[in-house]
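For this note's numbering, count along the sequence shown from 1 and bump the result up by 829. Note that beta-carbon positions come from the ideal geometry of N, C-alpha and C, so glycine has one too. Step one of this worksheet: look at the structure below.
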Amino acid sequence: MARPALLCALLLACSHAARKDVTPALAAEAPEAAAQEAGAPGAPPLSAPEMIEHVLARTTFGARPEDRQHAQSVGIAAFVEEQLHRRKRCAMDR
């Protein structure tokens, strides 16, 4: 009887100390490097507006003009970080 309780206590203690967000920040030049790496050999590189459209298509449920403007102002890497680490909002936050 004591063994399962000890195991549960140990698991609880270990999970409490575990870091929840261990994803490293995305480097600012990472989107451009990934686009160059993923492109077909000899294909022209994507322009900045094309890269923004691609990121918006992959990370949103439909690009809005505000999203385009925001991604352009903060940069693609920062926009992706924001999408990955969005704070959940509830009705009580308003």
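In terms of residues, what are the limits of the alpha helix (DSSP H) holding residue i?
i: residue 906; result: 905–913
i: residue 863; result: 859–867
i: residue 888; result: 877–888
Does the beta-carbon of residue i have 16 or more other beta-carbons within 10 angstroms, so that it is buried, or is it exposed?
i: residue 833; result: exposed
i: residue 878; result: exposed
Can the beta-carbon of residue i be found closer than 8 Å to that of residue j?
i: residue 884; j: residue 903; result: no
i: residue 906; j: residue 856; result: yes
i: residue 892; j: residue 875; result: no
Report the CB separation of residue i from residue j in whole angstroms; it is logged as a contact under 8 Å.
i: residue 860; j: residue 880; result: 6 Å
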